[in-house]
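Engineer: In full-length UniProt numbering, the protein residues as written are 1 to 360.
From the three backbone atoms N, C-alpha and C, an ideal C-beta is built for every residue, glycine too.
Owing to the predicted nature of the structure, the values given are computational and were not obtained by experimental measurement.
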């Protein structure tokens, strides 16, 4: 049995900051196991958040510079965390930060130069887990379902609520997964207008009223009718969703209430569509699982036949960083870490680029 000591890095579309999880990962008797030993969250400065948020609009030269600068910053943050751990790690597995994701055009890009991350941290790095799948005509997303299958197989559904919502489950011996739609992205868009980083526990949303007209318009969005495999991102949100939010005459609090109901309706629709047992368990992770109002409405929409299971705060917040650590392990072992049944690619793949530290 080989024990891997891995630092997993994750930055999601919600732009909360960098999630860092120091994990032990091992395989025993054909099953994979993990232990999250220590975690750290590094909030983005206002300047960094704006750079990342608007990266899609940068010129090629400025985008390339941000890619380098962010890679160095990731390396600096990793080195600080590793020094705090006072433990040797085997390597860093980095998701990076997605600046462009248009798989239908064969385009996806994760900021965070892997070579500069390796040079700055002094550690081997595995990163860029999406590009190969897109080159194989896949969506390049979602990637977390390989972790759902290998680490959380006791749950019927695994739901992640970051900036967007995605779900994964087994169907006829294959792992199926796709981006349902939104989770925190529209909620953060509204709270930032209010000068707040987020709606703590969904308390503001809970006090709001439903905008039935907006709810209908949101539920009619074409993306929800597309078959899987499918994935979405910030481009879709800015093009299709923000205009509907901005055109509404509702108060910000009513918008939070309505968007939460909308998100939960779409999640419940997906889960019920693929529920194959009388009783099911759904594992909810990601920042949205810490939103009490979101979880209450989700359980209400799911009904008694699908139980929402909310794990420890550590797993809620760092599951994605954990899974990218696992993906790094699988990459170094030459094993499949991206599933064609999830992404729609022509084949499964062992994805990720490997970088070793180089001196000046």
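For the structure I just gave you, are there three or more beta carbon pairs, one from the segment 189–206 and one from the segment 320–337, closer than 8 Å?
Structural biologist: Contact fails: fewer than three Cβ-Cβ distances are below 8 Å.
Engineer: Using C-beta distances below 7 Å, list every residue in its chain close to residue 289, excluding the 5 sequence neighbours before and after it, in chain order.
Structural biologist: Working through the chain shown from its first residue, we reach residue 289 at position 289. Hits under 7 Å: 161, 295, 310, 316.
Engineer: Is the number of C-beta pairs between the segment 161–177 and the segment 275–287 that are closer than 8 Å three or more?
Structural biologist: With the cut-off at 8 Å, the segment 161–177 and the segment 275–287 touch.
Engineer: Tell me the residue span of the alpha helix (DSSP H) that contains residue 362.
Structural biologist: Any property of residue 362 remains undetermined from this structure, which presents the chain solely from 1 to 360.
Engineer: Taking the alpha-carbon positions, what's the residue 308 to residue 150 distance?
Structural biologist: Residue 308 sits at position 308 when you count from the first residue of the chain shown. Residue 150 sits at position 150 when you count from the first residue of the chain shown. Computed Cα separation, rounded: 20 Å.
Engineer: Rounded to whole angstroms, what is the Cα-Cα separation between residue 48 and residue 180?
Structural biologist: Locating residue 48 in the chain shown gives position 48, where the first residue counts as 1. Locating residue 180 in the chain shown gives position 180, where the first residue counts as 1. So the alpha carbons of these two residues sit roughly 28 Å apart.
Engineer: Residue 30: which of 50, 2, 18, 45 sits nearest, CA to CA?
Structural biologist: Taking the first residue of the chain shown as position 1, residue 30 is located at position 30. Looking at the Cα atoms, 2 is the closest of the given residues.
Engineer: What did DSSP end up calling residue 323 once you bin it into helix, strand or coil?
Structural biologist: What you label residue 323 is simply residue 323 of the chain shown in a count that begins at 1. In the structure shown, residue 323 sits in a helix (DSSP, three-state: H, G or I).
Engineer: Quick check on the DSSP output: what are the complete beta strand (DSSP E) runs of length 3 or more inside the segment 152–226, in order along the chain?
Structural biologist: Listed in chain order, the complete beta strand (DSSP E) runs (minimum 3 residues) inside the segment 152–226 are 157–161, 164–171, 174–182.
Engineer: Reducing DSSP to helix, strand and coil, say where residue 339 ends up.
Structural biologist: Your numbering for residue 339 matches position 339 in the chain shown. It is coil, neither helix nor strand.
Engineer: With H, G and I counted as helix, E and B as strand and the rest as coil, what does DSSP make of residue 307?
Structural biologist: Counting from one through the chain shown, the residue named residue 307 turns up at place 307. Residue 307: strand per DSSP, three-state reduction.
Engineer: Looking at residue 356 and residue 110, is the spacing between their C-beta atoms short of 7 Å?
Structural biologist: As a working mapping, residue 110 is identified with position 110 in the chain shown. As a working mapping, residue 356 is identified with position 356 in the chain shown. No, the Cβ-Cβ distance between residue 110 and residue 356 is not below 7 Å.
Engineer: Report the rounded CA-to-CA distance for residue 251 versus residue 210, giving the unit in angstroms.
Structural biologist: Stepping through the chain shown from its first residue, residue 251 is reached at position 251. Stepping through the chain shown from its first residue, residue 210 is reached at position 210. Their Cα atoms are separated by approximately 10 Å.
Engineer: Between the alpha carbons of residue 332 and residue 247, how many angstroms are there, rounded?
Structural biologist: Residue numbering aside, residue 332 sits at position 332 when the chain shown is read from its first letter. Residue numbering aside, residue 247 sits at position 247 when the chain shown is read from its first letter. Between residue 332 and residue 247, the C-alpha separation is close to 49 Å.
Engineer: Could you name the residues that DSSP lists as bridge partners for residue 292?
Structural biologist: Residue mapping note: residue 292 aligns to position 292 of the chain shown, counting from 1. According to DSSP, which records beta bridges pairwise, residue 292 is partnered with nothing at all.
Engineer: From residue 314 to residue 34, what distance separates their C-alpha atoms?
Structural biologist: Taking the chain shown and counting its residues from 1, the one referred to as residue 314 is at position 314. Taking the chain shown and counting its residues from 1, the one referred to as residue 34 is at position 34. So the two alpha carbons sit approximately 13 Å from each other.
Engineer: Please check the pair residue 127 and residue 117, which I expect to be a contact at CB under 8 Å, by giving their CB distance rounded to whole angstroms.
Structural biologist: Along the chain shown, one-based indexing puts residue 127 at 127. Along the chain shown, one-based indexing puts residue 117 at 117. Correct: roughly 7 Å between the Cβ atoms.
Engineer: Indicate whether residue 142 and residue 175 have their beta-carbon atoms separated by less than 7 Å.
Structural biologist: Counting from 1 along the chain shown, the entry for residue 142 is found at position 142. Counting from 1 along the chain shown, the entry for residue 175 is found at position 175. It is not a contact, given that the beta carbons lie outside the stated cut-off.
Engineer: Under a Cβ-count criterion, where at least 16 other Cβ atoms within 10 Å of its own Cβ denotes burial, should residue 130 be classed as buried or exposed?
Structural biologist: Here residue 130 corresponds to residue number 130 of the chain shown, with the count starting at 1. With 16 or more Cβ atoms within 10 Å of its Cβ, residue 130 is classed as buried.
Engineer: Grab the span of the beta strand (DSSP E) containing residue 41 for me, first residue to last.
Structural biologist: Position 41 of the chain shown holds residue 41. That run of the beta strand (DSSP E) goes 31–43.
Engineer: Give, in chain order, every unbroken run of the beta strand (DSSP E) that is at least 3 residues long and sits entirely within the segment 78–118.
Structural biologist: With a minimum length of 3 residues, the continuous beta strand (DSSP E) runs that stay inside the segment 78–118 are 91–94, 97–102, 107–111.
Engineer: Give me, in chain order, the residues of the same chain whose beta-carbon lies closer than 6 Å to that of residue 138; leave out the 5 immediate sequence neighbours on both sides.
Structural biologist: Position 138 of the chain shown, counting from 1, holds the residue named residue 138. Excluding positions up to five away in sequence, the list reads 343, 344, 345.
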